[in-house]
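To start, the structure under review is shown below, and the notes come after it.
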Amino acid sequence: MTIPVSSGSGSTEHDDQTSSLPEQYRVRREKRDRLLAEGREPYPVAVPVTHTIARVRAEHPDLEPGAETDDVVGVAGRVVHLRNTGKLCFVTLADGAGERLQVMLSLAEVGQEELDAFKSDVDLGDHVFAHGRVICSRRGELSVFADSWRLASKALRPLPTLHKESSEEARVRQRYLDLIARPVARDMVRVRSAVVRSIRSELHERGFTEVETPMLQTQHGGASARPFMTHMNAYDIDLYMRIAPELFLKRAVVGGIERVFELNRIFRNEGADSTHSPEFAMLESYEAYGDYMSVARLTRELVQAAAMAAFGTTAVTLADGTTYDVGGEWPQLDMYTVTSEAMGATITPDTPLAELLTHADVAGLKIDPKHVIEGKVAELLFEHYVGDHLHEPTFVLHYPVDTSPLVRAHRSRPGVVEKWDLYVRGFELATGYSELVDPVVQRQRFEAQALLAAKGDHDAMRVDEDFLEAMEHGMPPMGGMGMGLDRLLMALTGQGIRETILFPLVKPR
RNA sequence: GGGCCUCUAGCUCAACUGGUAGAGCAACGGACUUUUAAUCCGUGGGUUGUGGGUUCGAGCCCCACGGGGCCUACCA
């Protein structure tokens, strides 16, 4: 529903449409107009707050029921409950953190005029300021016994009922209401902030430098995914929104920023569901003279530190009430070995394509024609038989060469690369490589990708000449890691991706 | 992309086999000086997502479109 906005901030006139508004909207607009007409400000520029609600609570942890103090405070908050017994009103104010404090307004303390004004002016959802002594009600509720009050901001729309959760759609479309109503929603914001802060500080402690690389790119690369496209008017060129920061972070390493990371948004023009969002936050880090094993350790330490920072424990409690422990060492499984065991038939990097396709057939997998290459089929078999079932945090090692164009071949085992994927609760949380640093091999890999692209694979990379040129100037051996921040939040909280993102993209109505 | 479900008052939800669209909270009027989703008395509030169709009659049946959810395939 669209509510017409009256023109002119000081207007006290009704729009023609005002009379057609739902009753509750109309009543509140009329109150605003009446307050302005009476010279009472519905939106004062400031109110004299002296204490946060949390501070009042902290300074009076255990007042006895009926106790009074001489501490005079000024507090403000959103009205979330109103109870009126005639000559005494009880108001519950909530602050942004969800802390609540009761305000009591009595005829004896504020006088008839102010009490009547309060009753006629204040609605659920308004911001109200109250001034008075801190006391405790007879029923033991910490309260401010008001000697005066002021409207801090008049709400023109009613608060949704706080006794029931909003629909899932309303929760993401109007997150501000979700934050008011649902503590879990507020917690997520704080948990996410704590996790981000933890990751940054852990990396800084290890000597990493945070950089920001281009989001608008002339050539997308660094991952297999379809990009968003946009256009730059000044140069009249098409640009891609980045799908990964990898190729720029590696250029930074060439330039001597030997421990580098970026924690920011990337964009993928693909599906949106409970585990995928078109824009999501990605951490990538690269360390010169490291390899896939050193970044595996780093990744584990970052996840465990994040859990500690957000919850004070590595055994986190998920949304469904179960406990999930990310502590300790995490098992490392070899992809071909574990897939062979689960499947009951041995596959190796040398297994012919026809045989792999037979296995896929048995498994009931439909293989997209563009994916009919040995490594991709082997990977699909792994995901089918093993990947989705890996509940405990697990590193899966040694992927096929042909699906990992930026990873170096294993130092001793032919046909596989020095790569791991980290599985957590059945989904892929992070990936780590011993990065390919040989520019000649890298060119061959790019050319193989370009061939796939020519055959219609929108996810395939192109030959990135600028990146190759950087590489040809000498790239130190290094380990690299990428981790989806939203997925880390999902792993640590058990919530869906749209609950981990404050304002996820939703289709316009 | 495919399949299934769903959209009703400000919010959350009912409404039998097609027969006058209801409840809780919220709102409006009144009572009440210690309430905790206060209580009590009274009242109003609806283009049932949008557009067509069938029918004497549609919230309900049919078609199209739009939003949302779940399952499924793909990407993290």
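So in numbering that gives the first Met the number 0, spot 378 of the first sequence is number 377, and the numbers just go up one at a time. Note that CB positions come from ideal geometry on N, CA and C, so glycine has one too.
{"Item": "Using only alpha-carbon positions, find the residue among 225, 253, 257 that is nearest to residue 243.", "Value": "225"}
{"Item": "When the Cα of residue 476 is compared with those of 448, 433, 508, 463, which residue comes out closest?", "Value": "433"}
{"Item": "What do you get for residue 518, buried or exposed, if any count of 16 or more other CB atoms within 10 angstroms of its CB means buried?", "Value": "Outside the displayed span of the chain (0 to 508) sits residue 518, for which this structure offers no information."}
{"Item": "Would you list, in sequence order, the uninterrupted alpha helix (DSSP H) runs of no fewer than 4 residues that lie entirely inside the region 291 to 349?", "Value": "291 to 310, 334 to 342"}
{"Item": "Do residue 149 and residue 46 have their C-beta atoms closer together than 9 angstroms?", "Value": "yes"}
{"Item": "Which residues mark the beginning and the end of the alpha helix (DSSP H) in which residue 470 is found?", "Value": "464 to 471"}
{"Item": "Do residue 280 and residue 492 have their beta-carbon atoms positioned less than 9 angstroms apart in this structure?", "Value": "no"}
{"Item": "Does the region 67 to 75 come into contact with the region 37 to 56, if we say contact requires no fewer than three beta-carbon pairs (one atom in each stretch) closer than 8 angstroms?", "Value": "yes"}
{"Item": "Under DSSP, the beta strand (DSSP E) around residue 418 begins and ends at which residues?", "Value": "418 to 423"}
{"Item": "Taking the alpha-carbon of residue 332 as reference, which of 240, 421, 426, 103 has the nearest alpha-carbon?", "Value": "421"}
{"Item": "Applying the criterion that 16 or more other CB atoms from any shown protein chain within 10 Å of the CB defines a buried residue, is residue 228 buried or exposed?", "Value": "exposed"}
{"Item": "Under 8 angstroms: do the region 432 to 451 and the region 302 to 321 share three or more Cβ pairs, one atom per stretch?", "Value": "no"}
{"Item": "State the DSSP-derived secondary structure class of residue 9, mapped to helix, strand or coil.", "Value": "A caution first: residue 9 carries a pLDDT of 41, below 50, which makes its placement in the model unreliable, though a value can still be read off. Coil, per DSSP."}
{"Item": "At a cut of 8 angstroms, does the region 174 to 190 reach the region 497 to 505 through at least three beta carbon pairs?", "Value": "yes"}
{"Item": "Report yes if the C-beta distance between residue 291 and residue 259 is below 9 angstroms; otherwise report no.", "Value": "no"}
{"Item": "For residue 197, which residues from the same chain have a beta carbon less than 6 angstroms from its beta carbon, with the 5 sequence-adjacent residues on both sides left out?", "Value": "304, 305, 308"}
{"Item": "Along the chain, where does the alpha helix (DSSP H) containing residue 499 start, and where does it finish?", "Value": "496 to 499"}
{"Item": "By DSSP, does residue 127 sit in helix, in strand, or in coil?", "Value": "strand"}
{"Item": "Looking at C-alpha atoms only, which residue of 81, 335, 222 is the closest neighbour of residue 266?", "Value": "222"}
{"Item": "Can residue 34 and residue 153 be called in contact, C-beta distance under 9 angstroms?", "Value": "yes"}
{"Item": "Which of the three DSSP states, helix, strand or coil, is assigned to residue 229?", "Value": "strand"}
{"Item": "Run the CB neighbour count on residue 118, radius 10 Å, all protein chains shown included, and call it buried at 16 or more, exposed below.", "Value": "exposed"}
{"Item": "Round the Cβ separation of residue 384 and residue 338 to the nearest angstrom and send it over; I've been treating them as touching at under 8 angstroms.", "Value": "6 angstroms"}
{"Item": "Opposite residue 149 in the DSSP bridges: which residues?", "Value": "128"}
{"Item": "Per DSSP, what kind of secondary structure is residue 391 in: helix, strand or coil?", "Value": "coil"}
{"Item": "Give me the residue from 155, 399, 429, 121 with the minimum Cα distance to residue 375.", "Value": "399"}
{"Item": "Would you check if there are 3 or more beta carbon pairs closer than 8 angstroms linking the region 130 to 146 to the region 467 to 486?", "Value": "no"}
{"Item": "Determine which residues share a DSSP beta bridge with residue 216 and list them.", "Value": "239"}
{"Item": "State the start and end residues of the unbroken beta strand (DSSP E) segment that holds residue 261.", "Value": "258 to 266"}
{"Item": "Taking buried to mean at least 16 other C-beta atoms within 10 Å of its own C-beta, is residue 10 buried or exposed?", "Value": "Unreliable placement is indicated for residue 10, whose pLDDT of 41 sits below 50; no coordinate value is reported for it."}
{"Item": "In its own chain, which residues sit with a C-beta less than 6 angstroms from the C-beta of residue 80, not counting the 5 before and 5 after it?", "Value": "91"}
{"Item": "List the endpoints of the continuous beta strand (DSSP E) containing residue 72.", "Value": "67 to 83"}
{"Item": "Could you pull the start and end residues of the alpha helix (DSSP H) that residue 380 belongs to?", "Value": "373 to 384"}
{"Item": "CA-CA distance, residue 345 and residue 377?", "Value": "11 angstroms"}
{"Item": "So what does DSSP say about residue 89, is it helix, strand or coil?", "Value": "strand"}
{"Item": "In the DSSP output, which residue or residues are listed as bridge partners for residue 208?", "Value": "259"}
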